[in-house]
Amino acid sequence: MGTLRDLQYALQEKIEELRQRDALIDELELELDQKDELIQKLQNELDKYRSVIRPATQQAQKQSASTLQGEPRTKRQAISAEPTAFDIQDLSHVTLPFYPKSPQSKDLIKEAILDNDFMKNLELSQIQEIVDCMYPVEYGKDSCIIKEGDVGSLVYVMEGTVLFLSNNLSIFNCTLNF
């Protein structure tokens, strides 16, 4: 059996080993959290691309099958809503407005469109047209942007720092990180 001094020295060594292991565990947990975040982000991106690729692939397969069967090919069209007061021929001559924006804003808008269940299946050219047509609007403090239950005819993509949401029962404070 060792002396008290030997035992204290051995105890100090074991404590130091535990500190080193704890530090290593902390580093590995941080790395694991970062990899989990990356996996989630990549999974979201993959889902977005699948939602765009699958419809295009299915349409291409149908077209190649119809071509092989001797049927004439038809041009694919996507219409999200039909105008009630305009003739389609009149709309073919419309020039869409373009509003310059930063690459970060373009990416943010495109990402928001691809996350939207109603818009994620649009063709990439349609998404690009929407991105190009969107324009910034700044709202002052305590402004009401949209109310729950209102009929919506606009698409909003929030780019900012703080937003307060209310459902008339409680108020939520959301911080948007960019």
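151 is the number of the first residue of the sequence shown in my numbering; add one for each residue after it.
Just so you know, even glycine gets a beta-carbon here, dropped at the ideal spot from N, CA and C.
| query | result |
| --- | --- |
| Measuring CB atoms only, is the region 271 to 283 touching the region 252 to 261, in the sense that at least three cross pairs come out at less than 8 Å? | yes |
| If you reduce the DSSP assignment to three classes, tell me which class F248 lands in. | coil |
| For Y289 versus I296, is the C-beta distance shorter than 7 Å? | no |
| Count the other C-beta atoms from every protein chain shown that fall within 10 angstroms of the C-beta of L264, then say buried if there are 16 or more, exposed otherwise. | buried |
| In three-state terms, what does DSSP make of L272? | coil |
| Pick helix, strand or coil for Y159, following the three-state DSSP scheme. | helix |
| Does the distance from the CB of Y249 to the CB of Y199 come in under 7 Å? | no |
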